[in-house]
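First the structure, in the form of structure tokens, and then the observations on it.
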Amino acid sequence: MSNINGKVYAMNAITPMKPWKTWILRLIFFVLGHVKSLQQDLINLSFIEFARWVVVPRGGFPQLGNGQEPEKLTYDYLLFFSNFNGTWNQYIDAFSAVLFKGLDLIWKWSEKFPGSVPVTIFKEYIGRVQFDTDYYFTAYPHATANDLKAAHSVQASFDDLRSRAANLSGPEFADAYLNFVLQVQPYLGETGEAPVVF
Amino acid sequence: MPNNSGKVYGLTILSPIINDDRATPSHDLQIRSYLAGLSTGQDSPFALAPGTHLARLVVMDDVVFVGAPAVEEHLNSKYLIFESNCDAGPDGSIDGYLNGLAEHAAEHLDAIWSHCVGYPGAADRAAFIRYMKACQLETTFFFAAINDKSVPETLRALQTQRAVADFIESHQGVEPEKLRAEFLKLVSALDAAPLPTVASAIVSRDIKIGGRNE
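If you read the sequences in order, they're chains B and F.
Per the working numbering, residue 1 is the first one in the first sequence, and the count goes up by one each step.
Per the working numbering, residue 199 is the first one in the second sequence, and the count goes up by one each step.
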């Protein structure tokens with residue numbers, strides 16, 4: 001069992017919601033999905049590679065027959081899965097400090113959600129509703145979300161220069177290369193083993 | 199479609215685990231035991247099959263009781279959660295990805311999902327895909343920091359980034375003609391280089407990096 005693989009942490013959380021409230025939450029997610037500017041804080045935090053919320057209606061757990069007993073539940077459930085860089089504490093702290101409005105909007109419909117501020121009580125709640133990952137795979141364990149964005153920026157600049165290089169004279173290429181170096185120099189950080197957290 | 203974000207697909211599958219009192223150890227423990235020994239490196243089932251950025255497998259024992267006055271309730275089944283962030287097909291579908299898993303990692307899939315209710319095996323591809331879709335939940339909201347790049351494109355970009363950093367470092371002050379020729383050599387070398395292996399270890403370079411990091 002490990003929630004961590006390389007530089008990524010897998011968080012799983014499940015919270016109960018009264019069924020009538022899930023429709024409000026679905027509406028909020030619908031708006032969030034269609035108004036990209038509302039995702040800006042999430043994008044700017046830039047340490048989440050992938051995240052998802054899944055509303056499971058009380059009758060929505062997969063039923064396959066074959067002797068499987070149907071679920072009889074009172075609540076709908078909100079599942080949350082996140083793939084983020086850094087430590088658990090850093091993640092929750094950043095969420096609480098930057099995304100508190102968004103978090104409250106999403107989780108206020110869950111039973112006994114205390115609010116994302118103050119952070120200590122919020123962390124207690126997350127600790128209660130979180131469950132551990134048994135197996136975690138990443139295709140690029142040594143890269144963070146920022147490393148990936150940087151690599152794609154370098155690739156784009158590199159592809160641009162290579163498309164022109166063969167047709168440039170030496171001095172013209174030197175100028176183009178200088179511009180290329182200026183473009184990519186913020187994006188040449190080293191990927192590698194995750195730092196040890198003390 | 200909420201499962202899709204650009205070229206990336208947010209696959210969420212909950213497979214009910216067989217609840218059999220006579221099984222020793224219980225089926226959920228057998229899954230956990232298998233997963234504990236399963237490689238997360240180059241021979242991971244998700245590395246053998248194409249298209250997985252990040253994926254996890256989780257045995258969910260029960261729902262959570264958050265305390266009174268909430269109602270305490272329990273699931274009748276345990277569930278195996280399969281959460282994958284993977285490349286979608288050209289039509290945005292997941293069929294190609296599931297087919298790839300069944301083709302390249304059937305042995306592992308069978309070892310894991312044979313403890314789940316109604317699992318037909320990976321050998322019958324159509325039945326396998328039908329089963330996975332029967333267990334699939336629609337993702338309500340899916341966020342991907344980068345949603346327009348496939349796994350091979352990302353691995354290639356990381357390789358290019360590394361090569362470019364080395365090139366710039368070793369070509370400072372080089373004459374323009376020679377610089378151009380060397381750059382074109384780099385282009386050819388990268389074109390000829392094999393795609394880096396998924397989930398592979400990176401050979402560390404002799405670069406001084408920061409100290410403690412909290």
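In this text, a Cβ means the ideal position worked out from N, Cα and C, and glycines have one as well.
C-beta neighbour in chain B for residue i, strict 8 Å
i	result
Gly265/F	yes
Lys347/F	yes
Asn283/F	yes
Phe340/F	yes
Leu299/F	no
Phe381/F	yes
Leu335/F	yes
Gln359/F	yes
Presumed contact (8 Å Cβ cut-off) between residue i and residue j, rounded CB distance
i	j	result
Ala342/F	Val206/F	5 Å
Leu42/B	Ile106/B	So it is not a contact: roughly 11 Å between Cβ atoms.
Ile292/F	Val256/F	Contact doesn't hold; Cβ gap of about 19 Å is too wide.
Asn5/B	Thr191/B	With 8 Å as the limit, Asn5/B and Thr191/B do not qualify as a contact, their Cβ atoms being about 14 Å apart.
His251/F	Val349/F	6 Å
Per-residue contacts from residue i into chain F (C-beta, under 8 Å)
i	result
Ala139/B	Phe244, Ala245, Thr250, His251, Leu252, Val349, Thr352, Leu353, Val396, Ala397
Gly170/B	Glu373, Pro374, Glu375, Leu377, Arg378
Ile14/B	Met258, Val261, Val262
For residue i, the first and last residue of its enclosing alpha helix (DSSP H)
i	result
Asp159/B	145-165
Tyr329/F	323-332
Ala309/F	304-311
Thr395/F	Run containing Thr395/F: none; DSSP gives neither H nor E here.
Boundaries of the beta strand (DSSP E) in which residue i is found, first to last residue
i	result
Asp218/F	From DSSP, Asp218/F is part of no beta strand (DSSP E); its letter is neither H nor E.
Phe84/B	76-85
Asn12/B	8-17
Trp109/B	Segment: none, Trp109/B is in no beta strand (DSSP E) and carries neither H nor E.
Val385/F	Val385/F -> not in any beta strand (DSSP E); alpha helix (DSSP H) instead, spanning 374-390.
Ala139/B	No beta strand (DSSP E) holds Ala139/B; DSSP gives it neither H nor E.
Ile121/B	Premise fails: Ile121/B lies in the alpha helix (DSSP H), 119-129, not in any beta strand (DSSP E).
8 Å Cβ cutoff, residue i in contact with chain F
i	result
Ile48/B	yes
Asn44/B	no
Gly59/B	no
Met97/B	Residue 97/B is actually Ala in this sequence, not Met. Closer than 8 Å: no.
His152/B	yes
Arg128/B	yes
Lys112/B	yes
Thr200/B	Residue 200/B cannot be examined here, being either before or after the span of chain B that is shown, 1 to 198.
Ala94/B	no
Where residue i meets chain B, residues with beta-carbon distance less than 9 Å
i	result
Leu255/F	Thr133, Asp134, Tyr135, Tyr136, Phe137
8 Å Cβ cutoff, residue i in contact with chain C
i	result
Lys149/B	The chain inventory of the structure shown lacks chain C, comprising the protein chains B and F.
Chain B contact residues for residue i, given Cβ-Cβ distances below 8 Å
i	result
Ser275/F	Phe61, Gln68, Glu69, Glu71
Arg220/F	Residues of chain B passing the Cβ test: none, with the nearest at roughly 13 Å.
Ala343/F	Ile43, Ser46, Ile48, Glu49, Phe50, Ala145, Leu148, Lys149
Closer than 7 Å at the beta carbon, the chain F residues around residue i
i	result
Val181/B	Ile366
Please go through the stretch 235-302 of chain F and give each complete beta strand (DSSP E) segment of 3 or more residues, from N-terminal end onward. Within the stretch 235-302 of chain F, the complete beta strand (DSSP E) runs of at least 3 residues are 250-258, 277-285.
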